[in-house]
């Protein structure tokens with residue numbers, strides 16, 4: 264009887280070890296891109312810090328961002344570039360772009376900074392990863408607020 268109990272206990276332990284061998288499940292969820300900061304440069308260009316978030320349980324290597332960026336309902340620019348960044352599971356990384364904005368968007372930001380008010384923005388397009396190989400739609404509407412003490416900066 265004792266041998267049967269020991270054998271059953273060994274089988275249960277082996278089954279438990281086998282169940283753990285596969286590791287946690289790998290799940291891939293759509294990423295998100297949003298604006299972290301917009302900085303108006305002295306030469307009139309804008310420096311935009313984009314935050315790319317990975318909600319997946321695996322790292323993602325982002326290889327293409329195609330998106331339109333509007334501010335105050337006016338098109339500021341269109342992006343089509345390789346972010347060249349790997350974002351760990353449940354994490355985020357920043358990438359920067361410098362560009363000359365469209366006149367309507369430039370006016371909306373000038374007004375927001377002058378009046379110390381927020382301004383609406385929309386970032387929409389597609390974000391692709393080479394590993395694990397995704398191509399997801401992104402759409403992120405939000406607002407940017409002037410930063411007290413930092414001239415020409417919205418967050």
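Residue numbers (my numbering): 264 to 418.
Yeah, the Cβ is synthetic: ideal placement off N, Cα and C, and Gly gets one too.
All of these numbers come straight from a predicted model, not from anything done at the bench.
Item checked: Straight-line Cα distance separating residue 323 from residue 304 -> 31 Å
Checklist line | Bridge partners - residue 383, DSSP secondary structure assignment | finding: 406
Checklist line | residue 413 (DSSP reduced to helix, strand or coil) | finding: coil
Check: Shortest alpha-carbon distance to residue 394 belongs to which of 371, 382 and 349?
Finding: 349
Check: Are residue 328 and residue 390 touching if we call contact CB-CB under 8 Å?
Finding: yes
Note to self: Do residue 334 and residue 382 count as a contact pair if the criterion is CB distance below 8 Å?
What the structure shows: yes
Notebook entry, point to check: Out of 368, 325 and 354, which has the shortest C-alpha to C-alpha gap to residue 347?
Noted result: 325
Note to self: Between which residues of its own chain and residue 288 is the CB-CB distance below 8 Å, once the five residues before and five after are set aside?
What the structure shows: 320
Notebook entry, point to check: In this structure, does DSSP put residue 341 in helix, strand or coil?
Noted result: strand
Check: Any Cβ of chain D within less than 8 Å of the Cβ of residue 300?
Finding: Among the chains in the structure shown there is no chain D, since it carries only a single protein chain.
Notebook entry, point to check: For residue 398, which residues does DSSP report across the bridge?
Noted result: 391
Item checked: Nearest-angstrom Cβ-Cβ length linking residue 297 and residue 405, presumed shorter than 8 Å -> 6 Å
Margin query: Measuring straight from C-alpha to C-alpha, what distance separates residue 402 and residue 376?
Written below: 25 Å
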